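J.:
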Amino acid sequence: MPFDLDVYLRQIGLETCTPDLAGLRQLQTAQIGAIPFENVLPFLGRVPDLDPESLWRKLVLNRCGGYCFELNSLLGEALVALRFDARQVLARVRMGEAKGGARTHLAFVVTLDGDEWLVDTGFGGQAPAEPVKIAETGQPVRDQVYRVRFEDVSGEHVLERSTEDGWFPLYGFDRVEVRRDDIEASNFLCAASPKQSFSSSMKFYRLREDGFLSFLDGRARHIGSGKKREWQISTYEDLAAFMKEDLGLGYDDADIEAIASRLASMQHSNS
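Written out as structure tokens, the structure is:
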């Protein structure tokens, strides 16, 4: 079941995509909007399969989402098919810290006309919806401002988001060669380690034209047009409606019931 560019583009709502900056922006935004970020499999005790055929079946045919190793692996197939000059990078997540831990995030650096762009469809709500030029100048993306700063001490390029308190580091990456085995090891660590949040916390994120939807362990949020709505999802029926209707995910009832059951158990133990 090889990657089919035409089917993929239709899945993310595009008719065509040109191998230039405009096309790259269009591609990243479209995939983030069409294929939600989520960690259902790790939350249910499974390690996602990164085999291209399995990813195609899950993300495209079955209309499920995934986390960075799944989403950006699919994006990588599209970048190759569209003949972009793209290179994989593994990043250390910082989320406000001065330095990151293990390399647990996958992204791409794309070179266009001598400039480099950070391209990422798998970081969730904090990440930019469009490529960010690898430069220290602040760059507006929708209602946020980002930059990619080089850090001498770590030798990493650091993606940062502007906040009221200053620049907030999201993750840092270097230029070490990334091999298939590196990605498989990082994927297993993220999915199976109790020190990573993916096995212990349920997250959803989807970018929409009217803002974005997010979910964390039963708490849903919609932010858009200067408004914010938050609500609790505590029943199987509400979770099924949220996943299927609001997020457009194709998980079967058994998986949704397993998620609802574990969330209920977590809420009970915390009360």
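Just so we're aligned: 1393 in our numbering is position 96 of the sequence shown, and the numbers increase by one with no gaps anywhere.
All C-beta atoms in this analysis are idealised placements derived from N, C-alpha and C, irrespective of residue type, glycine included.
Only a predicted model underlies this, so the values are computations on that prediction, with no experimental measurement involved.
I'd like to check one pair, residue 1404 with residue 1504: are the Cβ atoms closer than 8 Å?
T.: Contact: no.
J.: Suppose the cutoff is 6 Å on Cβ atoms and the five residues either side in sequence are ignored; what does the same chain contact list for residue 1359 look like?
T.: Result list for residue 1359: 1547, in chain order.
J.: Helix or strand or just coil, what does DSSP make of residue 1411?
T.: Note: residue 1411 maps to coil in three-state DSSP.
J.: According to DSSP, is residue 1333 part of a helix, a strand, or is it coil?
T.: In this structure, residue 1333 counts as coil in the three-state DSSP scheme.
J.: Could you tell me the distance, in whole angstroms, from the CA atom of residue 1559 to the CA atom of residue 1397?
T.: Cα to Cα, the separation comes out at about 29 Å.
J.: Quick one: what's got a C-beta closer than 6 Å to residue 1339's C-beta in the same chain, skipping five residues either side?
T.: 1488, 1495, 1496, listed in sequence order.
J.: Let me know if residue 1336 comes out buried or exposed under the rule of 16 or more other beta-carbons within 10 Å of its beta-carbon.
T.: Buried.
J.: Starting from residue 1453, follow the beta strand (DSSP E) in both directions and report where the run begins and ends.
T.: Per DSSP, residue 1453 belongs to the beta strand (DSSP E) from 1453-1460.
J.: Identify, in the order they occur along the chain, each residue of the same chain with its Cβ nearer than 7 Å to the Cβ of residue 1481, setting aside the five sequence neighbours on each side.
T.: Here the set comprises 1347.
J.: Could you tell me the distance, in whole angstroms, from the CA atom of residue 1419 to the CA atom of residue 1324?
T.: Taking the straight line from one Cα to the other gives about 13 Å.
J.: Excluding the 5 residues preceding and the 5 following residue 1457 in the sequence, name in chain order all residues of the same chain whose CB lies nearer than 7 Å to its CB.
T.: So the qualifying residues of the chain are 1443, 1444, 1446, 1464, 1465, 1466, 1467.
J.: Would you check if the distance between the CB atom of residue 1386 and the CB atom of residue 1334 is smaller than 8 Å?
T.: No. Outside cutoff.
J.: Mapping DSSP to helix, strand and coil, what is residue 1566?
T.: Helix at residue 1566.
J.: Tell me, to the nearest whole angstrom, how far the beta carbon of residue 1522 is from that of residue 1508; I am working on the premise that it is less than 8 Å.
T.: Indeed, because the Cβ distance is near 6 Å, the residues count as touching under 8 Å.
J.: Measure the C-alpha to C-alpha separation of residue 1499 and residue 1441 and round it to an integer number of angstroms.
T.: When rounded, the distance between both Cα atoms is 25 Å.
J.: Quick one: Cα of residue 1430 to Cα of residue 1551, how far?
T.: Cα to Cα, the separation comes out at about 42 Å.
J.: Sort 1528, 1378, 1537, 1304 by Cα distance to residue 1315 and report the nearest one.
T.: With distances taken between Cα atoms, residue 1315 lies closest to 1378.
J.: Pick from 1395, 1407, 1491: whose alpha carbon is nearest that of residue 1261?
T.: Residue 1261 lies beyond the residue range present for the chain, which begins at 1298 and ends at 1568; the question has no answer from this structure.
J.: Just the C-alpha distance for residue 1407 and residue 1450, rounded to the nearest angstrom, thanks.
T.: Going from the Cα of residue 1407 to the Cα of residue 1450 covers about 24 Å.
J.: Do residue 1527 and residue 1516 count as a contact pair if the criterion is CB distance below 8 Å?
T.: Contact flag set, yes.
J.: Tell me the DSSP bridge mates of residue 1468?
T.: DSSP lists 1390, 1456 as partners of residue 1468.
J.: If we ignore side chains and look at the alpha-carbon of each, how far apart do residue 1350 and residue 1563 end up?
T.: The straight-line gap from Cα to Cα measures roughly 34 Å.
J.: May I ask which residues mark the beginning and end of the alpha helix (DSSP H) holding residue 1482?
T.: Looking at the DSSP string, the run of the alpha helix (DSSP H) that includes residue 1482 is 1477-1489.
J.: Among residues of its own chain, excluding the 5 on either side of residue 1422, which ones have a beta-carbon nearer than 6 Å to its beta-carbon?
T.: If we look at residue 1422 and ignore the five residues flanking it on each side, its Cβ neighbours are 1502, 1511.
J.: Could you tell me how far apart the beta carbons of residue 1371 and residue 1356 are, in whole angstroms, since I believe they sit closer than 8 Å?
T.: Between residue 1356 and residue 1371 the Cβ distance is about 5 Å, and since that is below 8 Å, they are a contact.
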